[in-house]
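Right, one structure below, let's go through it.
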Amino acid sequence: LEGGDRVHRAVRSAISERIPTPSGAKAIAEAYAAHGRAVDAITTFQTAGFMDNAFQQFNKAGGLFFIYYHGSAAFDRVLAGFPPTYAHQSEILVLSLALQALKRGDISRARRLLIDRFGDMAHDLDAVFSHRSVFSREFREFRFLMLIYEDYQFSEEMLATLFRLNAEFPADAHLFRGSFYNSVLEFYIRRRRFAEAEEVAQRAMYHYEAARAPMLCFYISLHQSMIGLIKGDTLAARKHAALAVKALRDVPFETPNDQRLQMLLEACIEYEGGRAEPLARFLNTEIDDFSHGEIWPSLMEFTLLYGSQAMATHFSLLAARGFLDRWRVYQMSNLQFQAMVSIREAVVLQ
Numbered sequence: 181l182e183g184g185d186r187v188h189r190a191v192r193s194a195i196s197e198r199i200p201t202p203s204g205a206k207a208i209a210e211a212y213a214a215h216g217r218a219v220d221a222i223t224t225f226q227t228a229g230f231m232d233n234a235f236q237q238f239n240k241a242g243g244l245f246f247i248y249y250h251g252s253a254a255f256d257r258v259l260a261g262f263p264p265t266y267a268h269q270s271e272i273l274v275l276s277l278a279l280q281a282l283k284r285g286d287i288s289r290a291r292r293l294l295i296d297r298f299g300d301m302a303h304d305l306d307a308v309f310s311h312r313s314v315f316s317r318e319f320r321e322f323r324f325l326m327l328i329y330e331d332y333q334f335s336e337e338m339l340a341t342l343f344r345l346n347a348e349f350p351a352d353a354h355l356f357r358g359s360f361y362n363s364v365l366e367f368y369i370r371r372r373r374f375a376e377a378e379e380v381a382q383r384a385m386y387h388y389e390a391a392r393a394p395m396l397c398f399y400i401s402l403h404q405s406m407i408g409l410i411k412g413d414t415l416a417a418r419k420h421a422a423l424a425v426k427a428l429r430d431v432p433f434e435t436p437n438d439q440r441l442q443m444l445l446e447a448c449i450e451y452e453g454g455r456a457e458p459l460a461r462f463l464n465t466e467i468d469d470f471s472h473g474e475i476w477p478s479l480m481e482f483t484l485l486y487g488s489q490a491m492a493t494h495f496s497l498l499a500a501r502g503f504l505d506r507w508r509v510y511q512m513s514n515l516q517f518q519a520m521v522s523i524r525e526a527v528v529l530q
């Protein structure tokens, strides 16, 4: 063990000696990249001022989907290493910064980033999704994803337009195609169109498995399990929950909020089986951290449904109202969510 420590110290010493010189830093970064250490490669290139090389590695490591392969901490770190003026020139980096803002719950910053780079037309949906649109297909798909965070109410006409957009991507553009179906899945779940939801979930899973993206596979299994619960099919819910556990186990970095999502799902399955204690424990110990994480509208609705029901049935109406009021405070700026809370409150008080 001591010999191993000496070797590691010698390697670190050699690296620190070479990094101060541009050629040395570049050689070290290329070695990191060759050994699959993408984050180290990118940050080493950035430190030495080789932004184009850093950006090239960022794209190879996932680009707009980097966060799903390396985690939010690494995503934040590499984005912070690109100077704002450099990032502003790149569509992928601007969209990545906007995604970072969305995942932090800062929709207004995401909007501002798009306006600063693409102009006011970035929020003119008719212009963005027109068949004569000047925007790239990648931008348009990102704008679709952003509509989910904004809880936009889609028309059937808009949905047909979005399906035409998906057809612009090659069959092997698995991440973009999978993410399109993932967004459509959210739309169908919110409208209780479960047959269509299950179909697009299977399509999303096919593409995410092909892209070897276990974190994204986890989200699909999570939603499939949630559909089972909403439909009263506990057997299907358990099957997909087990697949979600397996996918989460394959994620190579820590994802605390996703682990909480899994805990919530399993607690709701137990609740349907007559055991309220796991859900009550989750609501008492995890809900504060959970509520400040990234949650899509369908998951918010699901949490409100089970949380308020459990509180009212096993504690009191006062406890249920307190639970809903806490969520109302957490999502103060989201008008659609405020409406969700009010509807659940009316149901609980009946």
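According to this note's numbering, the sequence shown is numbered sequentially starting from 181.
Even glycine gets a Cβ: it sits at the ideal position worked out from N, Cα and C.
How would you write the range of the alpha helix (DSSP H) that residue i sits in, first residue to last?
i, result
"Glu366", "354–370"
"Arg291", "287–298"
"Leu279", "271–283"
"Val258", "252–260"
"Phe315", "Taken as a continuous stretch (DSSP letters only), Phe315 belongs to no alpha helix (DSSP H), as it is neither H nor E."
"Gln226", "218–228"
"His303", "His303 -> no alpha helix (DSSP H), and no H or E assigned at all."
"Ala209", "202–214"
"Glu337", "336–346"
"Phe238", "231–240"
"Tyr266", "264–268"
What whole-angstrom Cβ distance do residue i and residue j have, given they're in contact under 8 Å?
i, j, result
"Ala532", "His403", "Absent from the structure is residue 532, since the part of the chain shown begins at 181 and ends at 530."
"Val425", "Pro394", "No, Val425 and Pro394 are not in contact; Cβ-Cβ is about 11 Å, not under 8 Å."
"Val274", "Leu293", "6 Å"
"Gly251", "Thr435", "7 Å"
"Ser561", "Leu445", "The question about residue 561 has no answer, for the chain in this structure spans 181 to 530."
"Ala254", "Val219", "5 Å"
"Pro263", "Ala228", "That pair is no contact at about 14 Å."
"Ser363", "Leu325", "5 Å"
"Ile449", "Leu415", "Rounded, the Cβ-Cβ distance is 10 Å, inconsistent with contact."
"Ala427", "Phe398", "4 Å"
"Ser276", "Phe246", "7 Å"
"Arg257", "Thr223", "7 Å"
"His387", "Gly358", "3 Å"
"Ile369", "Ala375", "About 12 Å separates the two Cβ atoms, so there is no contact after all."
"Phe334", "Phe367", "6 Å"
"Leu463", "Ala490", "7 Å"
"Gly216", "Ala234", "Contact flag wrong, Cβ pair sits at about 16 Å."
"Ala443", "Glu474", "Residue identity differs from the one stated: residue 443 is Met in this sequence, not Ala. At roughly 16 Å, the Cβ-Cβ gap does not stay under 8 Å, so Met443 and Glu474 are not in contact."
"Ile407", "Met385", "Contact flag wrong, Cβ pair sits at about 13 Å."
"Ala207", "Gln237", "So it is not a contact: roughly 14 Å between Cβ atoms."
"Phe470", "Asn437", "7 Å"
"Trp476", "Ile295", "Contact doesn't hold; Cβ gap of about 24 Å is too wide."
Can you determine whether any heavy atom of the ligand COA sits closer than 8 Å to the C-beta of residue i, and answer yes or no?
i, result
"Thr483", "No copy of the ligand COA occurs in the structure displayed, which carries no ligand at all."
Considering only residues of the segment 377–462, which uninterrupted alpha helix (DSSP H) runs meet the minimum length of 4 residues and lie entirely inside it, listed in chain order?
Fully contained in the segment 377–462 are the following alpha helix (DSSP H) runs of length 4 or more, in chain order: 394–411, 414–430, 436–452.
Touch test, the segment 296–303 against the segment 338–357, Cβ-Cβ under 8 Å, three pairs minimum:
Verdict: no, contact absent.
At least 3 beta-carbon pairs within less than 8 Å: the segment 309–317 vs the segment 273–289
As far as the Cβ criterion goes, the segment 309–317 does not touch the segment 273–289, which means the pair count is below three.
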